[in-house]
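Taken in sequence, the protein lines are chains A and B.
Quick note: the first sequence uses this note's numbering, first residue 23, plus one each step.
Quick note: the second sequence uses this note's numbering, first residue 3, plus one each step.
Down below is the structure, laid out as structure tokens.
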Amino acid sequence: MDSKTFINELLRRGADRGVASEVCYETGSSFEAEVKNGELLQYNVSDSAGLGFRVLKDGHTGTASTQILDDEALTQLVDGALENAALVESKDEQFMFPGSESYPELNLYNPEIEAIPAADKIDMAMKLEKLALSIDPRVKQVEGCSVFSSSEERRMTNTLGLDVTTKASLLGGYVSVVARDGEQVNTGTKIFFTMNPAEVDLEAVAKAAVSEAVGGLGGAPVESGKYRVLLRRDVAGVMLSTFAGIFSADNAQRGLSRLKGKEGEAIAADCVTIMDDPLRPDSPSSAPFDGEGVATWAKPIVENGRLNTLLHNLKTAKKQGVTTTANACRSSYAAPVGIAPTNFFFVPSEQDFDALLSELGDGLLITDLQGMHAGANAITGDFSLAAKGFTVEGGKIGRAVSQITVAGNYYQLLKDIEAVGADLEFRVPGTSCFGSPSLLIKDLSVAGK
Amino acid sequence: MLTKSTAESVLREALRTGGDFAELFCEDRRSGGMSLVDGHVETASTVRRHGAGIRVYSGLNSVYVHTNDTSPSGLIASARKAADAVRGSATPFDIHLTRALQKNIHYIREMPMDVEGARKAKLLRDCDLAAKAVSPEISQVRASLTHWNSDVLIANSEGLFTGDTRVYSRVYINAVASKDGDSQSGREAPGAMMGFEVFSTKADPEESARVAAQRAVTMLHADACPAGRMPVVIDGGFGGVIFHEACGHSLEAAAVAFGNSEFTGKLGQAIAAPCVTAIDDGTIANEWGSLNIDDEGNPTTRLVLIENGILKNYMVDRLNGRRMGTPSTGSGRRQDYTYAPTSRMRNTYIAAGSDDEAEIIASCPDGLYAKSMGGGSVNPVTGEFNFAVDEGYLIRNGKIDVPVRGASLIGRGSEILMKIDRVGRNMRMAQGMCGASSGSVPVNVGQPMIRVTDITVGGR
Numbered sequence: 023m024d025s026k027t028f029i030n031e032l033l034r035r036g037a038d039r040g041v042a043s044e045v046c047y048e049t050g051s052s053f054e055a056e057v058k059n060g061e062l063l064q065y066n067v068s069d070s071a072g073l074g075f076r077v078l079k080d081g082h083t084g085t086a087s088t089q090i091l092d093d094e095a096l097t098q099l100v101d102g103a104l105e106n107a108a109l110v111e112s113k114d115e116q117f118m119f120p121g122s123e124s125y126p127e128l129n130l131y132n133p134e135i136e137a138i139p140a141a142d143k144i145d146m147a148m149k150l151e152k153l154a155l156s157i158d159p160r161v162k163q164v165e166g167c168s169v170f171s172s173s174e175e176r177r178m179t180n181t182l183g184l185d186v187t188t189k190a191s192l193l194g195g196y197v198s199v200v201a202r203d204g205e206q207v208n209t210g211t212k213i214f215f216t217m218n219p220a221e222v223d224l225e226a227v228a229k230a231a232v233s234e235a236v237g238g239l240g241g242a243p244v245e246s247g248k249y250r251v252l253l254r255r256d257v258a259g260v261m262l263s264t265f266a267g268i269f270s271a272d273n274a275q276r277g278l279s280r281l282k283g284k285e286g287e288a289i290a291a292d293c294v295t296i297m298d299d300p301l302r303p304d305s306p307s308s309a310p311f312d313g314e315g316v317a318t319w320a321k322p323i324v325e326n327g328r329l330n331t332l333l334h335n336l337k338t339a340k341k342q343g344v345t346t347t348a349n350a351c352r353s354s355y356a357a358p359v360g361i362a363p364t365n366f367f368f369v370p371s372e373q374d375f376d377a378l379l380s381e382l383g384d385g386l387l388i389t390d391l392q393g394m395h396a397g398a399n400a401i402t403g404d405f406s407l408a409a410k411g412f413t414v415e416g417g418k419i420g421r422a423v424s425q426i427t428v429a430g431n432y433y434q435l436l437k438d439i440e441a442v443g444a445d446l447e448f449r450v451p452g453t454s455c456f457g458s459p460s461l462l463i464k465d466l467s468v469a470g471k
Numbered sequence: 003m004l005t006k007s008t009a010e011s012v013l014r015e016a017l018r019t020g021g022d023f024a025e026l027f028c029e030d031r032r033s034g035g036m037s038l039v040d041g042h043v044e045t046a047s048t049v050r051r052h053g054a055g056i057r058v059y060s061g062l063n064s065v066y067v068h069t070n071d072t073s074p075s076g077l078i079a080s081a082r083k084a085a086d087a088v089r090g091s092a093t094p095f096d097i098h099l100t101r102a103l104q105k106n107i108h109y110i111r112e113m114p115m116d117v118e119g120a121r122k123a124k125l126l127r128d129c130d131l132a133a134k135a136v137s138p139e140i141s142q143v144r145a146s147l148t149h150w151n152s153d154v155l156i157a158n159s160e161g162l163f164t165g166d167t168r169v170y171s172r173v174y175i176n177a178v179a180s181k182d183g184d185s186q187s188g189r190e191a192p193g194a195m196m197g198f199e200v201f202s203t204k205a206d207p208e209e210s211a212r213v214a215a216q217r218a219v220t221m222l223h224a225d226a227c228p229a230g231r232m233p234v235v236i237d238g239g240f241g242g243v244i245f246h247e248a249c250g251h252s253l254e255a256a257a258v259a260f261g262n263s264e265f266t267g268k269l270g271q272a273i274a275a276p277c278v279t280a281i282d283d284g285t286i287a288n289e290w291g292s293l294n295i296d297d298e299g300n301p302t303t304r305l306v307l308i309e310n311g312i313l314k315n316y317m318v319d320r321l322n323g324r325r326m327g328t329p330s331t332g333s334g335r336r337q338d339y340t341y342a343p344t345s346r347m348r349n350t351y352i353a354a355g356s357d358d359e360a361e362i363i364a365s366c367p368d369g370l371y372a373k374s375m376g377g378g379s380v381n382p383v384t385g386e387f388n389f390a391v392d393e394g395y396l397i398r399n400g401k402i403d404v405p406v407r408g409a410s411l412i413g414r415g416s417e418i419l420m421k422i423d424r425v426g427r428n429m430r431m432a433q434g435m436c437g438a439s440s441g442s443v444p445v446n447v448g449q450p451m452i453r454v455t456d457i458t459v460g461g462r
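See below:
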């Protein structure tokens with residue numbers, strides 16, 4: 023059955039059962055070419071389509087989803103979603119949204135990306151691998167190198183009048199290299215992504231990966247103790263992505279975030295402003311509407327250290343007597359409605375990286391953190407993570423550091439930010455996209471020797 | 003699902019441009035989930051995933067195409083797309099599929115999809131009550147249930163035409179204890195390759211809920227773990243994650259075949275202390291990481307990885323086996339049809355040793371007792387790993403002393419394996435989801451209590 027007929031029939035059957043119902047239909051295609059030693063190693067392409075069905079009955083929603091659009095699926099979706107809604111006992115009222123008056127205009131789809139022939143993307147990956155092997159004699163091995171592209175379209179429509187569509191595309195890739203010097207071995211990875219193929223600078227990507235791997239050779243632990251620390255932009259971005267859940271009103275209302283009831287209070291150093299901007303033109307995490315179909319807009323969540331608002335959807339906003347911030351999230355068509363930021367980032371200052379190093383004077387520069395999914399507790403904010411980086415003496419980068427852990431608490435870290443850099447960089451976009459400039463932190467605990 | 007003749011046509015189309023091997027993997031998966039927060043069912047959902055992946059080899063190059071369209075014309079179209087990316091030189095050969103019936107060793111009594119919602123809700127509610135009964139400091143309990151049954155069909159140009167049904171059930175409990183603005187959490191998540199009967203036989207969800215809650219309360223009253231190098235005793239069960247991260251990933255052919263592993267070329271050599279024997283076993287009935295056949299259609303196996311410290315075997319999938327010139331060990335796995343398979347772990351554990359567990363603590367110099375481990379990760383090239391200690395205690399004067407929070411263990415796999423000086427007698431396993439290039443797959447980790455003489459402990 024074609025998708026339009028299927029969706030119309032599904033909504034009609036929902037109406038017949040006396041409930042408001044909603045469809046989230048996603049289609050997409052993806053491409054990835056991985057190369058090794060100048061040959062195409064792995065080549066993946068896909069077309070996908072999936073449909074999520076949500077019903078609202080007596081203030082409760084139930085969901086069911088499918089990847090087949092046939093008669094059997096129609097019955098399964100309607101029965102399944104209604105049965106699931108009946109099982110829900112939560113006292114929180116849930117909602118379905120009839121649509122906003124108007125939606126922002128966003129152009130997130132670049133047809134040029136889909137038009138790039140497969141052979142050209144394979145050539146890009148080959149070139150990236152070759153470049154990575156040509157920069158430094160200590161890099162003789164590429165661990166992984168690939169180029170990918172994807173495009174995705176989402177349509178949300180419901181029986182209350184909502185009918186909105188968004189489409190986005192992305193081109194990206196990565197190279198991961200191994201540097202060896204005697205017994206010393208270290209790896210370095212650089213990922214790139216863009217909506218504009220003309221922007222791709224493969225040489226810069228290769229150089230960044232090589233410099234990461236070579237620079238870290240000979241790394242050794244430092245003495246255990248408290249250190250003043252500069253978190254490089256990418257590391258600061260990883261931290262933000264790991265702990266972004268503390269800004270969710272849903273978590274706060276459940277007592278799973280210490281930011282509960284802190285609206286209007288200082289929760290971070292004065293120099294900290296954190297934006298959620300769903301309208302960034304160059305990010306596939308942008309969207310004109312959120313996971314409930316509400317029109318989106320850009321807003322500071324933390325402004326000069328003060329918490330303006332938590333991130334809300336219709337349910338949490340109603341519970342707290344505020345309006346939604348349009349941060350309802352459906353990570354896929356099959357997922358229930360949750361909360362997530364869109365493009366979430368520390369607003370940069372004018373202070374460049376070298377100025378931050380000077381301000382640090384003596385301390386540690388952290389360039390890599392591992393184990394975020396295990397060594398970081400998103401509820402308590404505690405973290406204890408394997409790290410790599412460099413010593414900094416007199417504002418100058420010193421020797422490589424490895425085999426250390428860095429420990430602290432993210433709520434405290436927000437207050438201990440002494441300076442925010444100018445070098446804002448975004449991480450690979452997914453449902454959300456996180457960004458940060460480098461951050462100077464008053465002190466963190468380091469375990470080493 | 004699909005007829006033999008359709009599969010033959012698809013494979014023929016996939017080899018049209020000179021590929022030398024083609025495979026079709028079709029999957030129909032139904033899954034369900036329910037979550038309970040604050041004693042109330044919060045979400046309930048059902049998901050149907052359906053699609054196919056087509057793989058073509060030309061020598062050591064591999065092409066993978068996946069689609070939701072499993073109609074004969076849709077599969078042929080995807081096979082054509084795969085073939086278009088291949089410039090092979092194999093002479094065309096005839097494909098004749100022969101049905102292979104696999105012996106099923108994983109019996110399922112109650113298909114979870116058929117269990118009524120009210121029973122599932124009761125299971126979660128009982129977990130919630132059990133956790134809250136542990137202490138008034140338990141401020142929040144999240145319990146959730148996930149289950150799926152996946153029907154797979156695997157056909158390849160060597161004539162294989164086979165299938166399997168995999169059924170999984172698991173419950174997750176996360177308890178939070180709070181006091182004076184401070185909070186700590188404890189997690190347990192028992193599951194098996196079993197139907198809903200797992201919750202009345204192999205697993206005890208209420209007991210798991212109590213363990214999780216007690217852990218949260220214990221850690222709430224714990225001080226920060228001191229940092230530095232010290233001996234560490236790691237308890238059985240999920241403690242096996244140390245081996246999984248520090249060694250297991252580096253023994254997967256996906257890392258070994260390209261020299262991206264510190265254990266490449268070390269078969270027959272001592273890579274661990276003589277007290278260490280390690281096994282990867284996909285054949286244990288109904289275990290979380292078990293299978294009848296792997297995702298390339300090969301029977302699963304029991305594989306000795308390390309015997310008395312000597313490296314014996316790598317875990318090998320079909321493609322990396324070609325690269326290494328060794329046969330598959332039935333280790334080819336993938337999350338679902340959207341991933342090309344690669345070599346992965348199954349139920350991976352350090353085998354029981356001969357040391358008395360009380361003696362291991364009593365004879366230990368001052369250090370850390372890691373009673374429960376969290377997850378971790380590893381860089382297979384350098385062997386550098388890290389993982390979190392969910393529940394730790396200091397060891398003082400040969401006794402388990404005060405609890406400590408926020409500890410993590412870091413090191414290099416090759417070093418840690420050599421520094422194991424005690425291996426206890428009681429091997430236990432625990433469930434986890436392991437993520438890698440072929441997605442997230444169910445695995446067991448396991449070990450008896452072990453002691454590492456010297457490891458870097460991160461803390462404050």
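All C-beta atoms in this analysis are idealised placements derived from N, C-alpha and C, irrespective of residue type, glycine included.
* Are three or more beta carbon pairs between the segment 57-73 of chain B and the segment 83-90 of chain B nearer than 8 Å? -> Cβ pair count under 8 Å is three or more, so yes.
* Asked: In chain B, what lies closer than 7 Å to A:Glu111 by C-beta?
  -> Within chain B, the residues near A:Glu111 are His42 and Val43.
* DSSP state of B:Arg386 mapped onto helix, strand, coil -> Checking the displayed sequence, the identity of residue 386 of chain B turns out to be Glu instead of Arg. DSSP, reduced to helix, strand and coil, places B:Glu386 within a strand of the structure shown.
* To do: Leaving out five residues on either side along the sequence, give the residues of the same chain with a beta carbon under 7 Å from the beta carbon of B:Arg324.
  => So the list reads Leu62, once near-sequence residues are dropped.
* What residues from chain A crowd round B:Ile412, counting only those whose CB sits closer than 7 Å? -> Those are Ala408, Gln425 and Thr427, listed as they occur along chain A.
* Endpoints, the alpha helix (DSSP H) within which A:Tyr433 is located -> The continuous alpha helix (DSSP H) containing A:Tyr433 extends over residues Tyr432 to Lys437.
* Asked: Would you say the segment 217-227 of chain B touches the segment 248-260 of chain B, given that touching needs at least three Cβ pairs under 8 Å?
  -> Fewer than three Cβ pairs drawn from the segment 217-227 of chain B and the segment 248-260 of chain B lie within less than 8 Å of each other, which leaves the two stretches out of contact.
* Taking Cβ-Cβ distances below 8 Å as the criterion, which residues of the segment 56-71 of chain A are in contact with chain B? -> Within the segment 56-71 of chain A, the qualifying residues are Lys58, Glu61, Leu62, Leu63, Gln64, Tyr65, Asn66, Val67, Ser68, Asp69, Ser70 and Ala71.
* When the Cα of A:Thr179 is compared with those of A:Thr211, A:Ala290 and A:Cys46, which residue comes out closest? -> Checked all of A:Thr211, A:Ala290 and A:Cys46; the closest Cα to A:Thr179 is A:Cys46.
* Asked: Using a beta-carbon distance below 8 Å, is A:Asn399 in contact with chain B?
  -> It does; some Cβ of chain B falls within 8 Å.
* Asked: Given B:Tyr395, which residues of its chain have a CB within under 8 Å of its CB, disregarding the five upstream and five downstream residues?
  -> Excluding residues within five positions, the ones whose Cβ falls inside 8 Å are Leu370, Tyr371, Lys373, Ile402, Asp403, Val404, Pro405 and Val406.
* To do: Could you tell me which of B:Val49, B:Gly53 and B:Ala46 sits nearest to A:Asp69, measuring between CA atoms?
  => Distances from the CA of A:Asp69 to each of B:Val49, B:Gly53 and B:Ala46 were compared; the closest alpha carbon is that of B:Gly53.
* To do: Please go through the same chain and pick out, in chain order, the residues whose beta-carbon is closer than 6 Å to the beta-carbon of B:Asn288, but skip the five residues on each side of it.
  => For B:Asn288, where only same-chain residues beyond five positions count, the Cβ hits under 6 Å are His108, Ala194, Met195 and Met196.
* Report the partner residues of A:Lys483 according to the DSSP bridge assignment. => The structure shown has nothing for residue 483 of chain A, since chain A only spans 23 to 471.
* To do: Name the two residues that bound the continuous alpha helix (DSSP H) containing B:Ile363.
  => Its alpha helix (DSSP H) spans residues Glu359 to Ala364.
* To do: Give every residue of the same chain whose Cβ lies closer than 6 Å to the Cβ of B:Val49, excluding the five residues on either side of it in the sequence, and list them in chain order.
  => Cβ within range, chain order: Ser33.
* To do: Enumerate in chain order the residues of its own chain whose CB-to-CB distance from B:Asp128 is below 6 Å, with the five nearest sequence positions on each side excluded.
  => If we look at B:Asp128 and ignore the five residues flanking it on each side, its Cβ neighbours are Glu208.
* Of all the options B:Val169, B:Ile175, B:Thr303 and B:Glu190, which has the alpha carbon lying nearest to the alpha carbon of B:Met431? -> Closest option to B:Met431, judged by alpha-carbon separation, among B:Val169, B:Ile175, B:Thr303 and B:Glu190: B:Glu190.
* Would you mind giving the Cβ-Cβ distance between A:Asn208 and A:Leu239, rounded to the nearest angstrom? I have them listed as a contact below 8 Å. => Yes, they are in contact, since the Cβ atoms of A:Asn208 and A:Leu239 sit about 5 Å apart, within 8 Å.
* Asked: When you compare each of A:Pro120, A:Ile463 and A:Ile144 to A:Ser171 by their alpha carbons, which one comes out closest?
  -> Looking only at A:Pro120, A:Ile463 and A:Ile144, the smallest Cα-Cα distance to A:Ser171 is reached by A:Ile144.
* Asked: Residues in the segment 340-360 of chain A with C-beta within 7 Å of chain B's C-beta atoms, listed in sequence order?
  -> For the segment 340-360 of chain A, which is checked against every Cβ of chain B, the residues closer than 7 Å are Ala356 and Pro358.
* Tell me whether B:Phe95 is buried or exposed, calling it buried when 16 or more other Cβ atoms sit within 10 Å of its Cβ. => Per the 10 Å Cβ criterion, exposed.
* Apart from the five residues just before and just after A:Arg35, which ones in its own chain have a Cβ nearer than 7 Å to its Cβ? -> Listed in chain order, the non-local C-beta contacts of A:Arg35 below 7 Å within the same chain comprise Leu96 and Val100, local neighbours out to five positions each way being set aside.
* Asked: Taking 8 Å as the CB-CB limit, is A:Asp158 close to chain B?
  -> Taking Cβ atoms only, chain B never reaches closer than 8 Å to A:Asp158, which makes this a no.
* Is it a yes or a no for the segment 362-372 of chain A touching the segment 7-15 of chain B, going by three-plus beta-carbon pairs under 8 Å? -> No, because fewer than three Cβ pairs between the segment 362-372 of chain A and the segment 7-15 of chain B fall closer than 8 Å, the two stretches do not touch.
* **Distance between B:Arg348 and B:Gln433 (C-alpha atoms, nearest Å)** => Cα-Cα distance, rounded: 10 Å.
* To do: Could you tell me which chain B residues have their CB closer than 9 Å to the CB of A:Arg449, listed as they occur along the chain?
  => Per Cβ cutoff of 9 Å: no residues; A:Arg449 is ~17 Å from chain B at best.
* Within-8 Å CB hit, A:Gln392 to chain B -> Among the CB atoms of chain B, one or more fall inside 8 Å of the CB of A:Gln392.
* Going along chain A in order, which residues have a C-beta closer than 8 Å to the C-beta of B:Met36? -> Residues of chain A passing the Cβ test: Leu109.
* Asked: Can you find a C-beta in chain B that's less than 8 Å from the C-beta of A:Glu165?
  -> Yes, contact with chain B.
* Sort A:Asp438, A:Met118, A:Leu387 and A:Ala398 by Cα distance to A:Val423 and report the nearest one. => Distance check between A:Val423 and each of A:Asp438, A:Met118, A:Leu387 and A:Ala398 places A:Leu387 closest, using alpha-carbon atoms only.
* Take B:Ala360 as the anchor and find which of B:Leu26, B:Ile397 and B:Gly334 has the nearest alpha-carbon. => Measuring from the Cα of B:Ala360, the nearest candidate turns out to be B:Ile397.
* To do: State the beta-bridge partners of B:Arg1 as determined by DSSP.
  => Given that chain B is displayed from residue 3 to residue 462, the structure contains no residue 1 of chain B and the question cannot be resolved.
* To do: Could you check how far apart the C-beta atoms of B:Ala77 and B:Val12 are, in whole angstroms? I think they sit under 8 Å.
  => The residue asked about is misnamed: residue 77 of chain B is Leu in this sequence, not Ala. About 5 Å separates the Cβ atoms of B:Leu77 and B:Val12, confirming a contact at the 8 Å cut-off.
* Asked: My guess is that A:Glu174 and A:Glu48 are in contact by the Cβ rule of under 8 Å, so how many angstroms apart are they, rounded?
  -> That pair is a contact at about 6 Å.
* **Complete alpha helix (DSSP H) runs within the segment 334-382 of chain A (minimum length 4 residues, chain order)** => Qualifying alpha helix (DSSP H) stretches, in chain order: 336-342 and 375-382.
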